[in-house]
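Colleague: Right, I'll just put the structure down here and ask away after.
Residue numbers (the working numbering): 3 to 135.
Written out as C-alpha cells, the structure reads:
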C-alpha cells in the first residue's frame with residue numbers, strides 16, 4: 003500500500019513529494035517461525051579461502067603455484083586470501099629456496115582443520131534445515 007507524502011509550497015499549494023510505502027500489519031506467516039540457521043564462519047565461507055582450506059585438508063602441503071593452478075586464480079588474489087587464513091592461524095606458510103627458485107608452501111594447521119570441520123557441520127545443518135529433514 004502506498005501513501006502520498008505532501009509538502010506545502012511557499013504559495014500555500016500542497017505538492018506531492020514522494021510516495022511512501024506503508025507495510026500492511028505483519029501476520030503469523032510460516033516464515034516468521036522459521037528455524038534458526040547456524041552462523042557460518044565468514045572467514046572460510048568465501049570461495050577462494052574455502053578452496054584453499056579444502057585443498058590443504060586433502061594434502062599434507064601445497065605450493066603457492068599448486069594452489070593457484072587448482073583454484074584458477076591470480077597471484078594477487080591467492081596471496082591476499084592466504085594471508086587472511088594465515089593471520090587467523092588456519093594455515094601456515096613456509097618460504098624457502100629450491101636451488102635459486104623461491105618457493106612458498108602452505109599447510110593446514112590444527113586450528114584450520116577444526117574450523118573447517120565446524121564449517122562443514124554448519125553447512126550440513128543448513129542443508130538439513132533447508133530440506134526440512
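Where a beta carbon is used, it is the ideal one built from N, C-alpha and C, also for glycine.
Just so we're clear, the structure is a prediction, and the values are computed from it rather than from any experiment.
(1) Would residue 122 be called buried (16 or more neighbouring beta carbons within 10 Å of its own) or exposed?
(2) Tell me, to the nearest whole angstrom, how far the beta carbon of residue 80 is from that of residue 69; I am working on the premise that it is less than 8 Å.
(3) Is residue 47 buried or exposed, if buried means 16 or more other CB atoms sit within 10 Å of its CB?
(4) Going by DSSP, which residues form a beta bridge with residue 130?
(5) Looking only at its own chain, which residues have a Cβ that is under 8 Å from the Cβ of residue 29, when we skip the five neighbours before and after it?
(6) Going along the chain, which residues of its own chain have a beta-carbon closer than 6 Å to the beta-carbon of residue 78, five neighbours each way excluded?
(7) Alpha helix (DSSP H) containing residue 110: first to last residue?
(8) How many Å lie between residue 134 and residue 126 at the Cα?
(9) So, for residue 120: in the same chain, excluding its five sequence neighbours on each side, which residues have a beta-carbon less than 8 Å away from its beta-carbon?
(10) Relative to the alpha-carbon of residue 105, which residue among 83, 73, 131, 64 has its alpha-carbon at the smallest distance?
(11) Quick one: give me the first and last residue of the alpha helix (DSSP H) that residue 89 is part of.
(12) Run through DSSP, which three-state label would residue 1 get?
(13) State the Cα-Cα distance for the pair residue 38 and residue 117, rounded to the nearest angstrom.
Modeller: This is what the structure holds:
(1) exposed
(2) 6 Å
(3) exposed
(4) For residue 130, which the question treats as bridged, DSSP gives no partner whatsoever.
(5) Caution applies to residue 29, whose pLDDT of 47 falls short of 50 and renders its modelled position unreliable; the value that the coordinates give is listed next. Counting only Cβ-Cβ distances below 8 Å, and skipping sequence neighbours, we find nothing.
(6) none
(7) No alpha helix (DSSP H) contains residue 110, which is instead part of the beta strand (DSSP E) from 103-110.
(8) 12 Å
(9) 43
(10) 64
(11) 77-89
(12) What the structure shows of the chain is the stretch from 3 to 135, and residue 1 is not part of that stretch, so it cannot be assessed.
(13) 21 Å
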